[in-house]
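Read in UniProt numbering, the sequence shown has 22 at position 22, and its numbers run on one by one without any break.
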Amino acid sequence: MKYLLVDDEHLAIQELTYLIQTIEPSIQIESAQSIKEALGILLTQSIDVAFLDIQMNDESGMELAQHLQAMVHPPLIVFATAYDDYALQAFQVNAVDYLVKPFKEEDVDRIIHKLQQRLSEKGEKLGDVQGQEAMLALNTDDRIVMLEMNRIEFLTAVAGRVEVHTDQAIYQTRETLKALKDKLPDPPFIQVHRSYVINRHAIQEIQPWFNQTYQLTLQNGSKVPVSRSQMTEFKRQMGID
Numbered sequence: 001m002k003y004l005l006v007d008d009e010h011l012a013i014q015e016l017t018y019l020i021q022t023i024e025p026s027i028q029i030e031s032a033q034s035i036k037e038a039l040g041i042l043l044t045q046s047i048d049v050a051f052l053d054i055q056m057n058d059e060s061g062m063e064l065a066q067h068l069q070a071m072v073h074p075p076l077i078v079f080a081t082a083y084d085d086y087a088l089q090a091f092q093v094n095a096v097d098y099l100v101k102p103f104k105e106e107d108v109d110r111i112i113h114k115l116q117q118r119l120s121e122k123g124e125k126l127g128d129v130q131g132q133e134a135m136l137a138l139n140t141d142d143r144i145v146m147l148e149m150n151r152i153e154f155l156t157a158v159a160g161r162v163e164v165h166t167d168q169a170i171y172q173t174r175e176t177l178k179a180l181k182d183k184l185p186d187p188p189f190i191q192v193h194r195s196y197v198i199n200r201h202a203i204q205e206i207q208p209w210f211n212q213t214y215q216l217t218l219q220n221g222s223k224v225p226v227s228r229s230q231m232t233e234f235k236r237q238m239g240i241d
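Here is the structure:
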């Protein structure tokens with residue numbers, strides 16, 4: 001289980017980290033002191049819970065919470081703040097709870113147990129959905145290959161054929177990129193270029209590129225461009241401004 005603590009005050013992060021790991025030592029903690037830094041972590045790591053400060057210099061944890069709601073599988077949200085008058089707004093972004101500074105161990109303990117219950121329920125529901133459509137039947141030249149969808153990193157159109165790149169091998173097919181995309185769940189599979197469809201869970205890094213576009217580095221080291229025509233939808237799906 002991994003938590004992300006977002007607060008512009010380093011001492012607040014240290015205090016909350018200490019309390020969480022005193023109560024549940026197995027929890028891994030990541031931290032960020034700005035929305036930009038937090039989004040970088042959220043795009044490259046699997047985060048189960050996000051503790052968000054509300055007022056951070058010129059930024060708002062509420063703004064980050066709205067980004068999280070655009071994710072396919074958003075982390076659970078807990079607001080950790082010195083202000084106690086944001087309860088209605090917290091409810092509107094589906095926050096699990098509201099932790100007021102200065103932090104008290106009994107409050108943190110109560111919230112962690114609440115989060116563990118929510119994550120358990122969430123995992124059961126996600127497992128049910130993933131089990132329904134976990135495989136892709138891919139027509140190659142001499143056989144039909146059954147591929148686990150979560151192992152597919154990206155698909156690309158090359159010289160009249162489509163290559164399907166998994167974490168284990170590369171397969172070629174005469175099926176069109178559009179036909180294959182229609183078989184895959186959207187999200188996590190996103191069209192980022194006329195020649196590329198990617199599994200967003202395979203993204204390791206997003207870099208600014210030419211003409212206000214992005215270049216993606218995937219977990220296997222492959223570089224994939226995001227075209228200008230796909231930038232708006234890509235940003236929406238990834239929760240990027």
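For glycine and all other residues, C-beta sits at the position ideal for the given N, C-alpha and C.
Own chain partners of residue i with C-beta closer than 6 Å, once the 5 adjacent residues on each side are dropped
i, result
"D8", "Q33, M56 and N57"
"I13", "L5, D7 and S31"
"S195", "T156 and A157"
"E163", "T156, I170 and Q172"
"S222", "none"
"I144", "A137"
Extent of the continuous alpha helix (DSSP H) run through residue i
i, result
"Q237", "M231 to M238"
"E24", "Counting along the chain, E24 falls outside any alpha helix (DSSP H), and DSSP gives it neither H nor E."
"K181", "L177 to K183"
"H193", "Counting along the chain, H193 falls outside any alpha helix (DSSP H), though it belongs to the beta strand (DSSP E) covering F189 to H193."
"T44", "I35 to T44"
"Q168", "Counting along the chain, Q168 falls outside any alpha helix (DSSP H), and DSSP gives it neither H nor E."
"M62", "G61 to Q69"
Residues of its chain near residue i, where Cβ-Cβ distance is below 7 Å and the 5 sequence neighbours each way are ignored
i, result
"D97", "V78, I111 and K114"
"A38", "L4, V6, A32 and L64"
"D128", "With a pLDDT of 49 at D128, under the threshold of 50, the predicted position of this residue should be treated as unreliable, though the coordinate-derived value follows. Answer for D128: no residue qualifies."
"I27", "M1, Y3, I20 and Q21"
"T140", "Y171, Q172 and T173"
"W209", "Q215 and P225"
"L68", "A50, P74, P75, I77 and G239"
"K183", "L136"
Residue i - partner residues in DSSP beta bridges
i, result
"R161", "V158"
"E148", "M135"
"F79", "L52 and Y98"
"P225", "Q215"
"P208", "Y214"
"I203", "L218"
"Q116", "Answer is none; Q116 lacks a bridge partner."
"E30", "L4"
"T173", "V162"
Endpoints, the beta strand (DSSP E) within which residue i is located
i, result
"T217", "Y214 to L218"
"K2", "K2 to V6"
"N199", "Y196 to N199"
Inter-residue CB distance, residue i and residue j (contact presumed, cutoff 8 Å)
i, j, result
"Y3", "V49", "5 Å"
"L180", "L155", "6 Å"
"M146", "R200", "With a Cβ gap of about 22 Å, M146 and R200 do not count as contacting."
"A80", "L52", "7 Å"
"V226", "H193", "6 Å"
"V224", "I240", "In fact, because the Cβ distance is near 16 Å, the residues do not count as touching under 8 Å."
"E15", "F103", "6 Å"
Beta-carbon contacts of residue i that lie in its chain and below 8 Å, excluding the five residues immediately before and after
i, result
"I23", "E105, V108, D109 and I112"
"N211", "R228"
"E59", "D8, S34 and I35"
"A95", "A65, I77, V78 and F79"
"L119", "M1, D48, V49 and L76"
"N220", "E153, H165, D167 and A202"
"T213", "P225, V226, S227, R228 and M231"
"R161", "Q172, T173 and R174"
"K178", "none"
Does the count of Cβ pairs from the stretch 145 to 163 and the stretch 180 to 189 closer than 8 Å reach three? yes
Using 8 Å as the Cβ pair cut-off and three pairs as the minimum, do the stretch 134 to 143 and the stretch 104 to 115 touch? no
Would you call the stretch 223 to 233 and the stretch 157 to 175 in contact, with 3 or more CB pairs under 8 Å? no
For the stretch 193 to 212 and the stretch 41 to 50, state whether three or more C-beta atom pairs, one from each stretch, are separated by less than 8 Å. yes
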